Amino acid sequence: MEEKYIKHKYEPIHPSKDEWPVVKLARERKEFVKKVADLSEDRILNLTSNNPDILKEELETTLYREKLRIKQNPWVVDPDDDGSFWSGVKSSLVQISTENGRSKVKKLQEYKAVLNQITARYAEEIASNFKATHYKFTRSVVTYGFSRLLNAARVKGFRSIFSKKYSLQDKIQITGETDQLRDLATKGTVVMVPTHFSNLDSILIGWVISVLGLPPFIYGAGLNLFNISIFAYFMNSLGAYKVDRRKKNLMYLETLKTYSKEAIQFGCHSLFFPGGTRSRSGMIESKLKLGLLSTAIEAQRANFENGINDISGKIFIVPVTINYHFVLEAPSLIRDHLSITGQERYYKENDEFSNSYKISKFLIKFFTKGSDISVSVGKAMDVLGNYVDKEGRSLDKKGRMINTRDYFVSEGKVSIDNQREEEYTNMLGKRIVEEFHKINRVFNSHLVAFVAFEMIKKQNRKLDLFDLLRLPEEDISIPYEDFKASCQLVLDRINELKTQGLINTAPHLSLDMDEIIKHGIENVGMYHAKRPIVQDEKGEIGTDDMSLLYFYHNRLTGYGLEKLY
Amino acid sequence: MDSKNSTKPKHIGVIGVGSFGAVIANILAAKNPVMVYARKQEVVDEINTSHTAQGKTLSENVIASTDPEELCRSCDVLFFMIPSAGFQEVVRTFSPFLFPYHLIIHGTKGLCLNLKPGENIETVKKIKRSQILTMSEVILEETVAVRVGCLAGPNLSKELAQGQPAATVIASKYNEVILEGQSLLRSEKFQVYGNSDIIGVEISGVLKNIIAIASGALAGLGLGENAKGLLISRGMVEMIHLGNALGGSIKSVMGLAGIGDLVTTCNSIHSRNYTVGYRLAKGDSLDTILADMDEVAEGINTVRIIKAFLETADLRAPITENLYRVLFEDLEIEAALHFLMKYPFNVDVDFV
């Protein structure tokens, strides 16, 4: 089914790449890394209140954890000198603590030196290796390659491979406040916060950003992705900095936050996946990881502190949702989710994206079969979650203009108050979740998955979730007419919510209900070996995999639609 | 809006000059110039010319205005000290002049409803938590101010006005609000504690009014101290369960705003809620009692809201339920007491 989307051709907002903040940052990489290392050191000293004993303890904890990581969970990307570096740290620490006759001041200084070595190493590791030439190359490869695949699949005939009939924008629809985003990106600094369901998201968003004519955004990508060579190349050229989820020690986290904050202050547009990791349950993220988000607020406050009160110092938060019919990793994500919710235990990262072959296979499938993706760009907000107008001015709920600086003012001056900013981060997190729900676009596949699961649940009222998921698949069957009536009921409620601006729908949901169901069933989780929804010859609805059905169903939780059952 | 450093010290704003508002204005005026808001021009004139408000003496450091805009411009910190019934409306009149730099602390122990236009508590009957607003939630909903706190605790206006020693608690998610409130209010006679669970503190202050009415009723029936001890202890358990269901923590009920205020109010003939219960037991009807009072007894409205909330919550609150029947369904107080004495409260403490 063809839908009419307006395909824009967006001109780049900065024609010359020398003006891209990320290019400027890459030029000053060395100084920037040093600055991050030094500022992180200050932050940690502050947190340990300049006390050599507390600092020593933190250093020892970090050392212990790093040693453990090297031994138990080594990765390909880890630098070769990891072991020797930490052994060096160990011997310095031993030396400082065993030799007597040092004054407190002297000790602190020596510990500081060790600390600086560590933050410098972390800062260097985190920093991105952006190269504008690689960026251009990657972008053209992605765009060219994908559109060739696409045309080969959709246009019949031998010459199809050279056809220009379809472009990537037919496959991936971008909707929402794109003009505002482009506009604000020229005036202030944008922090984009997308939902996260698949590892493909990083590349997808990178492509969206370039289609919109925006300069590259920097973003934190899981270091595990750099294990795979194709991804490493992509990531580097998209301006990614590295986030190592194995390292949870204070020094690493502070260095990471400092990097993010300084980059935003530098004017680099940034991208955070605020869920922190892919949504394992398939639900829209409802609890956000607030660590990196807090850096946006910190950077905003710092800009005000430095007297940058005009729009050039303003930071805009732009929520984005990515909607799929199909998530490649769904089976393992939901398995993880169920084992975590069952009981809190350690689980190993396990990716379908484990090698380049699988990814290529997926990409070919993706582009040759019809599984459309839509990316909705939400309204821009200030760091407190207030919408902003065309000129980037914040508006309160009643549309009155307000000054974001006022939120940081105490007794007439901008003041630093970490506890206050923590609360602001919580508020912003809640606002982003609200916006995610509003701009989320319901697809036919989401609808049928939701209805099928809820109906099965209703048939088996007495079972709890885990027993429900263990139901033998052959026992499940829903008469088509009941299913259709139920879909209509849910869709009516969704449309009602839509008129209140609380959700959005894809245009194909205005089709006839039989059509919606037919396409929905075709689309939902279309490449899985076991399909979440199947229809037998009598037209009755069943499933091959309850857990997968649960995963796709979860996309519509959080709207109170369950109450219809 | 210019918030440039002016050399003139800012006023502290107090909205409402009821008995509690007047006392707080006087405490604040000991350290800072205070500007109070009153709706009626004659009240404002009275304050500005003779430093009294309807018989209550105010410090010379207090000036008054009828203009919300002037208050918002002159003050960075505002204390809202108005009854819950008019709270939403007053906040709305201030809302256009409030900015994110304002700190707001309120001292109102009541609840508001967040219903659709045309609905009221008579028509909806059942109320969910999302339809109940505490006063801080009203402020967050209606204004752009975020740094919001509340003031609660055993603070009988009459005793405070006489300068007797007392303590209060300021609750806010923001440390700076607590610190600011402490530095503005604390004195040799007035101790100020902090608590970060603002919902818990607000709810404690609200719920204790229900128990205060019951306590007045016991006294009116001529019952003694054993009965009062029983009521306070069971009342506390009820407050804890209700408080939890409404989103507060148990700890806050145990604090100054919960137990502290509960004990004070249940023993005080100065308390309006206590008086309502006392006169009910003496045989007066609710209408006659209300007609005689010049200020609101918050507890009555609270009983009504909590009763409607209980319809949707999976929870029993026998004291509140029976008080509701006494107030609104003409149940005899003796019958209610009889019912409560037979109620199977088997476990003494079931919440820790």
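Heads up: the protein sequence lines correspond to chains A and B, in order. Going by the working numbering, the first residue of the first sequence is number 1, and it counts up by one from there. Going by the working numbering, the first residue of the second sequence is number 566, and it counts up by one from there. By construction, the Cβ of each residue, glycine as well, lies at the ideal position given by its N, Cα and C atoms. A quick note: this is a predicted structure, and the numbers were derived from the prediction, not measured.
As assigned by DSSP and simplified to three states, the class of residue i
i	result
N323/A	strand
K242/A	strand
T614/B	helix
G267/A	coil
L214/A	coil
S374/A	strand
V524/A	coil
Q729/B	coil
S445/A	helix
H553/A	helix
T699/B	strand
L845/B	helix
K498/A	helix
M192/A	strand
Q619/B	coil
K379/A	coil
V588/B	helix
K413/A	strand
N236/A	helix
Close Cβ partners of residue i (< 6 Å) along its chain, the five nearest in sequence each way excluded
i	result
G728/B	K754
R571/A	Residue 571/A is absent from the model: chain A starts at 1 and stops at 565.
K242/A	I126, L223
Y252/A	Y122
I743/B	I735, S737, G759
Burial state of residue i (16 or more Cβ within 10 Å)
i	result
P216/A	buried
F450/A	buried
I834/B	exposed
Y64/A	exposed
W612/A	Look at the range of chain A in this structure, 1 to 565, and you will see that residue 612/A is not part of it.
R869/B	buried
G188/A	buried
D931/B	There is simply no residue 931/B to check, as chain B begins at 566 and stops at 917 in what is shown.
L548/A	buried
N323/A	buried
K71/A	exposed
K674/B	buried
M546/A	buried
G720/B	A small fix is needed here, since residue 720/B is Asn in this sequence, not Gly. Burial call: buried.
V76/A	exposed
G789/B	exposed
A856/B	exposed
R245/A	exposed
G429/A	buried
M646/B	buried
Q109/A	exposed
Cβ-based neighbour list, residue i, same chain, cut-off 8 Å, excluding 5 preceding and 5 following
i	result
R301/A	F408, V414, I416, E421
K498/A	N504, T505
H529/B	There is simply no residue 529/B to check, as chain B begins at 566 and stops at 917 in what is shown.
Close beta carbons around residue i, own chain, < 7 Å, minus the five adjacent residues each side
i	result
K107/A	P52, I96
Y111/A	P52, L55, K56, L59, I96
N613/B	I628, A629
E298/A	K261, E421
A263/A	L25, I218, S270
* Listed from N- to C-terminal order along the chain, which residues in the region 661 to 695 of chain B have their beta-carbon within a distance smaller than 8 Å of any beta-carbon of chain A? -> P661, F664, P665, Y666
* Under 7 Å (Cβ pairs) to chain C, residues found in the region 594 to 623 of chain B -> The structure shown contains no chain C; its protein chains are A and B.
* Taking any Cβ of chain A, which residues in the region 721 to 752 of chain B have a Cβ under 8 Å from it, in chain order? -> K738, Y739, N740, E741
* Asked: Which residues, in chain order, does the region 793 to 808 of chain B contribute to contact with chain A at a C-beta distance below 9 Å?
  -> none
* Mind checking the region 296 to 309 of chain A against chain B and listing, in chain order, the residues whose C-beta falls within less than 7 Å of any C-beta there? => Those residues of the region 296 to 309 of chain A that come within reach of chain B (Cβ to Cβ, closer than 7 Å) do not exist; the list is empty.
* Between the region 410 to 422 of chain A and chain B, which residues of the former have a C-beta closer than 8 Å to a C-beta of the latter? -> S410, E411, G412, K413, D417, Q419, R420
* To do: Identify every run of the beta strand (DSSP E) within the region 628 to 683 of chain B, keeping only runs that are complete inside it and at least 3 residues long; order them along the chain.
  => The qualifying runs are 640 to 645, 668 to 671, 676 to 678.
* If contact means a Cβ-Cβ distance below 8 Å, which residues of the region 626 to 651 of chain B contact chain A? -> D641
* **Contacting positions in the region 701 to 723 of chain B - beta carbon closer than 9 Å to chain A** => E706, E707, T708, V709, V711, R712
* What are the uninterrupted segments assigned as alpha helix (DSSP H) that are 4 or more residues long and contained completely in the region 753 to 809 of chain B, given in chain order? -> 763 to 785
* Please go through the region 48 to 122 of chain A and give each complete alpha helix (DSSP H) segment of 4 or more residues, from N-terminal end onward. => 52 to 72, 82 to 98
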